[in-house]
Amino acid sequence: MAYPPPAEGKKPDAAIRFPAGAVAKFQISDLEFYYGPKKVLMDISFSIPEKTITALIGPSGCGKSTFLRTLNRLSETVHHSRMEGKILLDGTDIESMDLVTLRRQVGMVFQKPNPFPKTIFDNVAYGLRVNGVPRGMTLAEAVEKSLRRAALWDEVKDSLRKSAYALSGGQQQRLCIARALAVDPEVLLLDEPCSALDPIATAKIEDLLLTLKDICTIVIVTHNMQQAARVSTVTGFFLLGRLIEFNETRILFKTPVRKETEDYITGRFG
Amino acid sequence: MSFRMARRRVVNVVMLGATGVCAVMSVLALCFILGYLLWNGGHYLSWDFLTKLPTPVGQSGGGMANAIVGSGKILLIAAVTGIPVGLLAGVYLAEFGGNTMTFMVRYAADLLNGVPSIVTGIFAYTLVVLPFHEFSALAGGLALGIMVIPVVMRSTEDFLRAVPGTLLEGALALGTSRWRGIATVVVPAAFRGIATGILLSMARVAGETAPLLFTSFNNRYWSTGWMQPTASLPVMIFTYAISPYDDWQRQAWAAGFVLLMLVLLINICARALLLRGQPTGR
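Chains G and U, in that order, are what the protein sequence lines are.
For the first sequence, this note's numbering gives the first residue as 19, with consecutive numbering after it.
For the second sequence, this note's numbering gives the first residue as 1331, with consecutive numbering after it.
(1) So G:A143 and G:V161 are in contact, right, with Cβ under 8 Å, and what is the actual spacing, rounded?
(2) List in chain order: all unbroken alpha helix (DSSP H) runs of 4+ residues lying wholly within the region 127-202 of chain G.
(3) Mind checking which residues open and close the alpha helix (DSSP H) that includes U:Q1579?
(4) Classify U:P1304 as buried or exposed, calling it buried when 16 or more other Cβ atoms lie within 10 Å of its own Cβ.
(5) Got a sec, what are the start and stop residues for the alpha helix (DSSP H) U:V1309 sits in?
(6) Hey, out of U:L1589, U:S1485 and U:L1595, whose CA is closest to U:A1424's CA?
(7) With a cut-off of 8 Å, do at least 3 Cβ pairs link the region 42-52 of chain G to the region 211-223 of chain G?
(8) Going by C-alpha distance, which of G:S213, G:S99 and G:S250 is nearest G:P227?
(9) Would you call the CB atoms of U:P1384 and U:G1371 closer than 8 Å?
(10) Going by the CB atoms, is the gap between U:A1467 and U:S1553 shorter than 8 Å?
(11) Determine, using beta carbons only, whether U:V1435 and U:G1427 come nearer to each other than 8 Å.
(12) What's the C-alpha gap between U:A1348 and U:L1358?
(13) Taking any Cβ of chain U, which residues in the region 111-132 of chain G have a Cβ under 7 Å from it, in chain order?
(14) Note down, in chain order, all residues in the region 130-157 of chain G with a beta-carbon under 7 Å from any beta-carbon belonging to chain U.
(15) Are U:A1419 and U:M1483 closer than 8 Å when you measure CB to CB?
(16) Shortest alpha-carbon distance to G:I236 belongs to which of G:H97, G:Y183, G:R248 and G:G125?
(17) Taking G:T235 as the query, report the chain U residues whose CB atoms sit under 8 Å from its CB, ordered along the chain.
(18) Which term fits G:G54, buried or exposed, when burial requires 16 or more other beta carbons within 10 angstroms of its beta carbon?
(19) Can you tell me whether U:Y1551 is helix, strand or coil according to DSSP?
(20) Out of G:T110, G:H241, G:S99 and G:L208, state which residue places its alpha-carbon closest to the alpha-carbon of G:C234.
(21) Quick one: complete alpha helix (DSSP H) runs, 4+ long, within the region 64-121 of chain G?
(22) With 8 Å as the C-beta to C-beta threshold (strictly closer), list the residues of the region 1501-1515 of chain U near chain G in chain order.
(23) Taking buried to mean at least 16 other C-beta atoms within 10 Å of its own C-beta, is G:T70 buried or exposed?
(24) Please list, in chain order, all residues of the same chain as U:Y1575 whose beta carbon is under 7 Å from its beta carbon, the five residues on each side excluded.
(25) Give me the Cα-Cα distance between U:C1599 and U:I1524, rounded to the nearest whole angstrom.
(26) Please identify the residue among G:D140, G:F255 and G:Y282 whose C-alpha is closest to the C-alpha of G:A200.
(27) Scan the region 1447-1462 of chain U for residues whose Cβ lies nearer than 7 Å to a Cβ of chain G and list them as they occur along the chain.
(28) For my contact list, G:K222 and G:A184 are in at a C-beta cut-off of 8 Å; report their separation, rounded to the angstrom.
(29) Would U:M1566 be called buried (16 or more neighbouring beta carbons within 10 Å of its own) or exposed?
(30) Residues of chain G with CB under 8 Å from U:A1519, in chain order?
(31) Determine, for U:L1497, whether the minimum Cβ-Cβ distance to residues of chain G falls below 8 Å.
(32) What residue from G:L106, G:G187, G:D108 and G:R91 has the CA that sits closest to G:R100's CA?
(33) Going along chain U, which residues have a C-beta under 8 Å from G:N90?
(34) Give the residues of chain U in contact with G:T220, contact being defined as C-beta atoms less than 8 Å apart.
(35) Who does G:A42 pair with in a DSSP beta bridge?
(36) What's the call for G:F134, buried or exposed, on a 16-neighbour Cβ count within 10 Å?
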């Protein structure tokens, strides 16, 4: 499909595209989100392709983090919040899915690294202990596999029993990625994962994401346009709670369709 | 230097001096109590004092072993009844309470904290002593347990609230249910503070006398089990101190010293635990 099916009475939006030949992992239709009486997301309809890196960019407060959290229903933890519209994950409505199953399939990494106050091993093992170790593997093997995937194994293999807080900021973030990867999610959501990190740590994580995209679908919210240009295949531009444009990254950055997108990319506002 | 400047300087020095003097006085008060107890009863402190039963008046030797063990038994019951209730109530307040419910429960806890300890004793008397027709360690422990609840509840709630919300979010994002996330991530993160609150609550009730006067009563011998009158340090001190025998009065001093040392020890452990605590994040 080239476009998400438009709602009745609405025309398809020319600025919302979908890569030809790709399979949709998420199909979002008419998503609206309220914090109490305040509407923070309006009329969002598009599809996220699988096994690619999708970047969501936009100025502060435009709703991209809020949108990201609706994908694993973490938005429900806020009191008095309401979601309308539909989000399909592989064709299944996420509202009807079991919350635990959804969150096992859709992992999340947060802006500020938030390792648990436990050892490095126990941090990665946490999700496995809750959800079960994959068949044919011991806990230790599963932990090693995750840490290798997160490019952290070599740095911590001799200090697995040390506290996670002994690691540097960049290492802690990679630990959080390893923790999220331990339960073999199909999707990994990242909410500005590098905003609290130095450039070297940022580069390591960006390289890591590029290796991970063959294993899972990645959606990354970022404040940093250059980062979006570096790592993502498709990009979505959010402004004031709406999705203004969604297209392949090189097209969006070189020849944006909407004026707002062009203004943002050229730095007329930030 | 102008007069105003000079006066400002003098006021500054005087006030700083006054705060320093008051600080020293506070410490001196503690040292005075300790010293006085030691001076008056130190002579009686011995291994016998800690391990033997009380002897009849006039007979030398004897001790307060039954009171020390009795206090331990009563505090154990207080801990078993009060700590879990306070802990779980604190978890509820911090994690699940809506606005009205939280306010009411917290207010009720504060009121409970302010109930005179002798009234709590009467309550435990009506509840446990009357039905069983027996003074008991259970009744005494229950009375103290009721006093432990509000202290543990408040400190648990405060320390749980201090844990950043992102920790629980990280657990939820991994597919954990809410209660499990709280139990395995948030509570361990606040553990040091909660443990401190528990220790301080025990230190507070260890010295309570009034609720024990008609719940666990007193006993000059060993008490077996939990349903017999039980000796305890505070009540022994009370009984001996108001007696007309010089011998007993000195023993009361010694017992006071032992009790104070016990309470100080718990307080120092609580402080050390809190100070050693790592911050929960960078």
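Yeah, the Cβ is synthetic: ideal placement off N, Cα and C, and Gly gets one too.
What you are looking at is a predicted structure, and each value in this text was computed from that prediction instead of being measured.
Quick answer:
(1) 5 Å
(2) 138-149, 157-167, 171-174 and 187-199
(3) D1576 to R1606
(4) The question about residue 1304 of chain U has no answer here: the residues shown for chain U are numbered 1331 through 1612.
(5) There is no way to answer for residue 1309 of chain U, as the model of chain U reaches only from 1331 to 1612.
(6) U:S1485
(7) no
(8) A small fix is needed here, since residue 227 of chain G is Leu in this sequence, not Pro. Nearest of G:S213, G:S99 and G:S250 to G:L227, Cα basis: G:S250.
(9) no
(10) yes
(11) yes
(12) 15 Å
(13) V118, R121, R122, G125, M126, F128, K130 and N132
(14) K130, N132, F134, P135, Y144, G145, V148 and N149
(15) yes
(16) G:G125
(17) Per Cβ cutoff of 8 Å: no residues; G:T235 is ~16 Å from chain U at best.
(18) exposed
(19) coil
(20) G:L208
(21) 82-89
(22) A1501, L1502, A1503, L1504, G1505, T1506, S1507, R1510, T1514 and V1515
(23) buried
(24) V1387
(25) 13 Å
(26) G:D140
(27) none
(28) Not a contact, Cβ separation roughly 18 Å.
(29) buried
(30) F134 and P135
(31) yes
(32) G:R91
(33) A1503
(34) Neighbours of G:T220 on chain U: none; closest Cβ ~17 Å, over 8 Å.
(35) G:P67
(36) buried
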